[in-house]
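Quick mapping for you: the protein sequence lines, in order, are chains Y and S. What the first sequence shows, in my numbering, is residues 547 to 899, in sequence order. What the second sequence shows, in my numbering, is residues 547 to 899, in sequence order. Taking it in order: structure first as structure tokens, then the write-up.
There are 2 protein chains.
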Amino acid sequence: MVKSIEWAGEKVRILDQSRLPFEVVYIDCSDYSMVADAIKTLKIRGAPAIGIAAAMGVALSAQDIKASSFEEFMAALKPLMDTMISTRPTAVNIRWAMDRLKALMLKNRHLGVETLKKMLVYEAKAILEEDITANRAIGSWGAEFIKNGATVLTHCNAGALATGGYGTATAPILVAREQGKEVQVIADETRPVLQGARLTTWELMQTGVPVTLITDNSAGALMKNGRIDLCIVGTDRTARNGDVANKIGTYSVAVLAKENNIPFYVAAPLSSIDFTIPSGEEIPIEQRPAEEVTHICGHPVAPEGVRVINMAFDVTPARYVTAIITEKGVFRPGDLKKVTIEGVNLSELRLKP
Amino acid sequence: MVKSIEWAGEKVRILDQSRLPFEVVYIDCSDYSMVADAIKTLKIRGAPAIGIAAAMGVALSAQDIKASSFEEFMAALKPLMDTMISTRPTAVNIRWAMDRLKALMLKNRHLGVETLKKMLVYEAKAILEEDITANRAIGSWGAEFIKNGATVLTHCNAGALATGGYGTATAPILVAREQGKEVQVIADETRPVLQGARLTTWELMQTGVPVTLITDNSAGALMKNGRIDLCIVGTDRTARNGDVANKIGTYSVAVLAKENNIPFYVAAPLSSIDFTIPSGEEIPIEQRPAEEVTHICGHPVAPEGVRVINMAFDVTPARYVTAIITEKGVFRPGDLKKVTIEGVNLSELRLKP
Numbered sequence: 547m548v549k550s551i552e553w554a555g556e557k558v559r560i561l562d563q564s565r566l567p568f569e570v571v572y573i574d575c576s577d578y579s580m581v582a583d584a585i586k587t588l589k590i591r592g593a594p595a596i597g598i599a600a601a602m603g604v605a606l607s608a609q610d611i612k613a614s615s616f617e618e619f620m621a622a623l624k625p626l627m628d629t630m631i632s633t634r635p636t637a638v639n640i641r642w643a644m645d646r647l648k649a650l651m652l653k654n655r656h657l658g659v660e661t662l663k664k665m666l667v668y669e670a671k672a673i674l675e676e677d678i679t680a681n682r683a684i685g686s687w688g689a690e691f692i693k694n695g696a697t698v699l700t701h702c703n704a705g706a707l708a709t710g711g712y713g714t715a716t717a718p719i720l721v722a723r724e725q726g727k728e729v730q731v732i733a734d735e736t737r738p739v740l741q742g743a744r745l746t747t748w749e750l751m752q753t754g755v756p757v758t759l760i761t762d763n764s765a766g767a768l769m770k771n772g773r774i775d776l777c778i779v780g781t782d783r784t785a786r787n788g789d790v791a792n793k794i795g796t797y798s799v800a801v802l803a804k805e806n807n808i809p810f811y812v813a814a815p816l817s818s819i820d821f822t823i824p825s826g827e828e829i830p831i832e833q834r835p836a837e838e839v840t841h842i843c844g845h846p847v848a849p850e851g852v853r854v855i856n857m858a859f860d861v862t863p864a865r866y867v868t869a870i871i872t873e874k875g876v877f878r879p880g881d882l883k884k885v886t887i888e889g890v891n892l893s894e895l896r897l898k899p
Numbered sequence: 547m548v549k550s551i552e553w554a555g556e557k558v559r560i561l562d563q564s565r566l567p568f569e570v571v572y573i574d575c576s577d578y579s580m581v582a583d584a585i586k587t588l589k590i591r592g593a594p595a596i597g598i599a600a601a602m603g604v605a606l607s608a609q610d611i612k613a614s615s616f617e618e619f620m621a622a623l624k625p626l627m628d629t630m631i632s633t634r635p636t637a638v639n640i641r642w643a644m645d646r647l648k649a650l651m652l653k654n655r656h657l658g659v660e661t662l663k664k665m666l667v668y669e670a671k672a673i674l675e676e677d678i679t680a681n682r683a684i685g686s687w688g689a690e691f692i693k694n695g696a697t698v699l700t701h702c703n704a705g706a707l708a709t710g711g712y713g714t715a716t717a718p719i720l721v722a723r724e725q726g727k728e729v730q731v732i733a734d735e736t737r738p739v740l741q742g743a744r745l746t747t748w749e750l751m752q753t754g755v756p757v758t759l760i761t762d763n764s765a766g767a768l769m770k771n772g773r774i775d776l777c778i779v780g781t782d783r784t785a786r787n788g789d790v791a792n793k794i795g796t797y798s799v800a801v802l803a804k805e806n807n808i809p810f811y812v813a814a815p816l817s818s819i820d821f822t823i824p825s826g827e828e829i830p831i832e833q834r835p836a837e838e839v840t841h842i843c844g845h846p847v848a849p850e851g852v853r854v855i856n857m858a859f860d861v862t863p864a865r866y867v868t869a870i871i872t873e874k875g876v877f878r879p880g881d882l883k884k885v886t887i888e889g890v891n892l893s894e895l896r897l898k899p
């Protein structure tokens, strides 16, 4: 299994996804700003992965903080966390990771700065490990919804590369295959950054899952022609009501799936669900540079000076989402808000295949 | 107005669209096989334009035929026409143009081979002129459906470059602007060959129509956000029942438009309507090389050896089509079959804005 990120002693080692699939190059980040830059420039991407990266980046640079009190330490941590949060606005995982580190610090303020520094490293590594565990659980729950012989359409990359490992959208496919089912994947290329063409195909080819690359334009026609059995995508942030922000074009896939009576699943670790916002309308949508559209691999593909709209994400309203696959089970989007209620009987809430 | 093709004495001059917008280069074709090659390799593309090109290519090489009888002449013409028809299977315009030339020959067989040769040239030039006239009429009829201040989404290129001039999908926009309306265009980039990014933006920027380039993935989100007022696309072949074959991704645009209550118009000269087939299911869909998807401008964007599906077109069922804009008026897709019935009252059949 390819590793998108790991804690390497006094470095955070990141696989440079901007150069995949042509070069497998790792970057050793020696401080938080290198990590922030790697996030901003899409060297590491995918909501869970950038949450892990942000936590590791902060933990790394926290080691260099000279502080004589808890308050001084927290004041010095704040700009590091703010930098991380500012890198990419749509995915909630960075804020979630920062909140988690902050809460840990507050809870253990009495232990002293040096201990807190060690705890940050421990926690960042735990976030990575828990992500992998969550993804395996997503895989087990989701695999129940994949029949033998199924063809799964996915959009963008919500595979191992987008996470600590195993992937979110890819996990049910991998588990289904472990269970002996034949499953194949159709990967949307996912313009403009081509995460589907460059990353999803590459990592699935390495695991032996049969994968076919298509242009984003082809998904609808294949659905209409009966060649897609279900869709599984990831999410950068899902709201309390089940509205799903994900890579631009996800909304189109969801509408086309609904029109063709094809189930549309979203694989979402709880870390990517933002229970603080009532609906997708509150999710900020990142606008990215025009050059991502006008240039491909550095080569112009449009007239100089053309006006461009380049939204990195869109929001799929919950009514298009068949179910959300989490590490706690598969739920109807409308039931998400009940999942975190204490004492709720999850087995009653879970959707059965 | 940019000229995609013209009759230049003993040559057929074609603007090489594969090099646009970076180089404006014309190719002088000296025989039919050069024209056929230009069609196959997308140096000239667009259903009306390749119909014109095929007619001109046949007319050009017909001049070199040595034949002592009408039968000999027709036997020599046949392989030229067959070659043209075999270049691209989906657009009906090439077959339409060949049928038109053949009918002209049969009707005038008594005039002798040398006269028939001249008539072929005259007819090929007439097909070009009539195309421009038809497009202006499409513009006039279609402009009635464009309100002041409208934003029009288009997919692929159905502009001047795809036709003899003026365009099909672009014609209503140009006429609306001549009428003093403010109209802007959102152009889908149209992977894999990027006709929207390379051609539609380029030709509209030259005419002064405000145009914004987006990835194909962005169309749905913009519709949902209320930023598109109507869609107008071209067609490579429309069946008698109003099913529309057009560039891959058109079906997705149509479904998204329907879902968002946005009118979806197809600009179709009668030369692109195939009244011989009852529905879109009979339209052959061209499969193009994988390299169009795995490489962009010669640069790889996917792992070597990845499996690819690359359908050049899809079929949009008539139920998604608000209306078809022809040179004879704007009609509901279901009314198309009545348009050619002799004695039918077109003004009763026409859709009013």
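For every residue, glycine included, the Cβ atom is placed at its ideal position computed from N, Cα and C.
Quick one: measure Cβ to Cβ for residue i and residue j, integer angstroms, because I've assumed they're closer than 8 angstroms.
{"i": "isoleucine 590 (chain Y)", "j": "arginine 634 (chain Y)", "result": "Actually they are not in contact, since the Cβ atoms of isoleucine 590 (chain Y) and arginine 634 (chain Y) sit about 11 angstroms apart, beyond 8 angstroms."}
{"i": "valine 861 (chain S)", "j": "aspartate 775 (chain S)", "result": "That belief does not hold up - the Cβ atoms of valine 861 (chain S) and aspartate 775 (chain S) are roughly 25 angstroms apart, past 8 angstroms."}
{"i": "valine 876 (chain S)", "j": "tryptophan 748 (chain S)", "result": "That belief does not hold up - the Cβ atoms of valine 876 (chain S) and tryptophan 748 (chain S) are roughly 28 angstroms apart, past 8 angstroms."}
{"i": "proline 594 (chain S)", "j": "alanine 689 (chain S)", "result": "With 8 angstroms as the limit, proline 594 (chain S) and alanine 689 (chain S) do not qualify as a contact, their Cβ atoms being about 19 angstroms apart."}
{"i": "glycine 742 (chain Y)", "j": "alanine 717 (chain Y)", "result": "Between alanine 717 (chain Y) and glycine 742 (chain Y) the Cβ distance is about 17 angstroms, and since that is not below 8 angstroms, they are no contact."}
{"i": "isoleucine 611 (chain S)", "j": "alanine 622 (chain S)", "result": "4 angstroms"}
{"i": "glutamate 873 (chain S)", "j": "alanine 680 (chain S)", "result": "4 angstroms"}
{"i": "arginine 783 (chain S)", "j": "serine 818 (chain S)", "result": "6 angstroms"}
{"i": "methionine 769 (chain S)", "j": "asparagine 806 (chain S)", "result": "4 angstroms"}
Could you work out which residues of chain S lie near residue i, taking near to mean beta carbons separated by less than 7 angstroms?
{"i": "leucine 740 (chain Y)", "result": "Val847"}
{"i": "leucine 699 (chain Y)", "result": "Within chain S, no residue comes near leucine 699 (chain Y); the closest Cβ sits about 12 angstroms away, beyond 7 angstroms."}
{"i": "threonine 747 (chain Y)", "result": "Ala848, Pro849 and Val852"}
{"i": "threonine 868 (chain Y)", "result": "Those within 7 angstroms of threonine 868 (chain Y) in chain S number zero; the least Cβ separation is about 16 angstroms."}
Where does residue i sit, in a helix, a strand or coil, going by DSSP?
{"i": "glutamine 833 (chain Y)", "result": "strand"}
{"i": "alanine 672 (chain Y)", "result": "helix"}
{"i": "glutamine 730 (chain S)", "result": "strand"}
{"i": "leucine 699 (chain Y)", "result": "strand"}
{"i": "alanine 622 (chain Y)", "result": "helix"}
{"i": "asparagine 792 (chain S)", "result": "strand"}
{"i": "glutamate 724 (chain S)", "result": "helix"}
{"i": "aspartate 677 (chain S)", "result": "helix"}
{"i": "lysine 557 (chain Y)", "result": "strand"}
{"i": "proline 849 (chain S)", "result": "coil"}
{"i": "isoleucine 631 (chain Y)", "result": "helix"}
{"i": "aspartate 775 (chain Y)", "result": "coil"}
{"i": "threonine 661 (chain S)", "result": "helix"}
{"i": "leucine 892 (chain S)", "result": "helix"}
Less than 7 angstroms separating the Cβ of residue i from some heavy atom of the ligand SAH?
{"i": "alanine 722 (chain Y)", "result": "The ligand SAH is not part of this structure, which contains no ligands at all."}
Which residues in the same chain as residue i place their Cβ atom closer than 7 angstroms to its Cβ, once the five residues preceding and following it in sequence are excluded?
{"i": "lysine 671 (chain Y)", "result": "Trp553"}
{"i": "alanine 836 (chain Y)", "result": "Val854 and Asn856"}
{"i": "valine 801 (chain S)", "result": "Tyr866"}
{"i": "threonine 840 (chain Y)", "result": "Pro846, Val847, Ala848, Val852 and Val854"}
{"i": "isoleucine 631 (chain Y)", "result": "Ile640, Arg641 and Met644"}
{"i": "proline 919 (chain S)", "result": "With chain S covering 547 to 899 only, the question about residue 919 (chain S) has no answer from this structure."}
Residues in its own chain within less than 8 angstroms of residue i by CB, not counting five upstream and five downstream?
{"i": "serine 825 (chain Y)", "result": "Ala785, Arg786, Asn787 and Asp789"}
{"i": "leucine 626 (chain S)", "result": "Tyr578, Gly603, Val604, Ser607 and Ala608"}
{"i": "glutamate 832 (chain S)", "result": "Arg634, Pro635, Thr636, Met857, Ala858 and Phe859"}
{"i": "alanine 765 (chain Y)", "result": "Leu699, His701, Ile732, Asp734, Ile774, Ser798, Val799 and Leu802"}
{"i": "leucine 720 (chain Y)", "result": "Gly685, Tyr712, Gly713, Thr753 and Val755"}
Residue i touches chain S at which residues, Cβ-Cβ below 9 angstroms?
{"i": "alanine 743 (chain Y)", "result": "Val839, Thr840, Val847, Ala848, Pro849 and Val852"}
{"i": "serine 632 (chain Y)", "result": "Simply none; closest approach about 23 angstroms."}
{"i": "glutamate 832 (chain Y)", "result": "Going along chain S, no residue has its Cβ under 9 angstroms from glutamate 832 (chain Y), so there is no contact; the nearest lies around 13 angstroms."}
{"i": "threonine 758 (chain Y)", "result": "Val852, Arg853, Val854 and Ile855"}
Given residue i, which residues of its chain have a CB within under 6 angstroms of its CB, disregarding the five upstream and five downstream residues?
{"i": "alanine 715 (chain Y)", "result": "Thr700, Ala704, Ile778, Val779, Gly780 and Ala813"}
{"i": "leucine 674 (chain Y)", "result": "Ile598 and Gly710"}
{"i": "isoleucine 871 (chain S)", "result": "Ile684, Trp687, Gly688, Tyr811 and Ala813"}
Whose Cβ in chain S lies nearer than 8 angstroms to the Cβ of residue i?
{"i": "isoleucine 794 (chain Y)", "result": "Thr761, Asn763, Ser764 and Ala767"}
{"i": "serine 567 (chain Y)", "result": "Reading off the sequence, residue 567 (chain Y) comes out as proline, not serine. Near proline 567 (chain Y) (Cβ distances below 8 angstroms), the residues of chain S are Ala848 and Pro849."}
Going along chain Y, which residues have a C-beta under 7 angstroms from residue i?
{"i": "threonine 587 (chain S)", "result": "The premise fails here: threonine 587 (chain S) is roughly 18 angstroms from chain Y at the closest Cβ pair, so nothing lies under 7 angstroms."}
{"i": "leucine 802 (chain S)", "result": "Ser798 and Val801"}
Name the chain Y residues whose beta carbon is nearer than 8 angstroms to that of residue i?
{"i": "arginine 737 (chain S)", "result": "Glu735, Arg737, Thr761, Asp762 and Asn763"}
In chain Y, which residues lie less than 9 angstroms from residue i when you measure between Cβ atoms?
{"i": "cysteine 843 (chain S)", "result": "Ile842, Cys843, His845, Pro846 and Val847"}
Task: the segment 856 to 875 of chain S / the segment 789 to 796 of chain S touching (three or more Cβ pairs under 8 angstroms) - done: Contact holds: three or more Cβ-Cβ distances are below 8 angstroms.
Task: At least 3 beta-carbon pairs within less than 8 angstroms: the segment 721 to 733 of chain S vs the segment 751 to 761 of chain S - done: Three or more beta-carbon pairs separated by less than 8 angstroms link the segment 721 to 733 of chain S to the segment 751 to 761 of chain S, which places the two stretches in contact.
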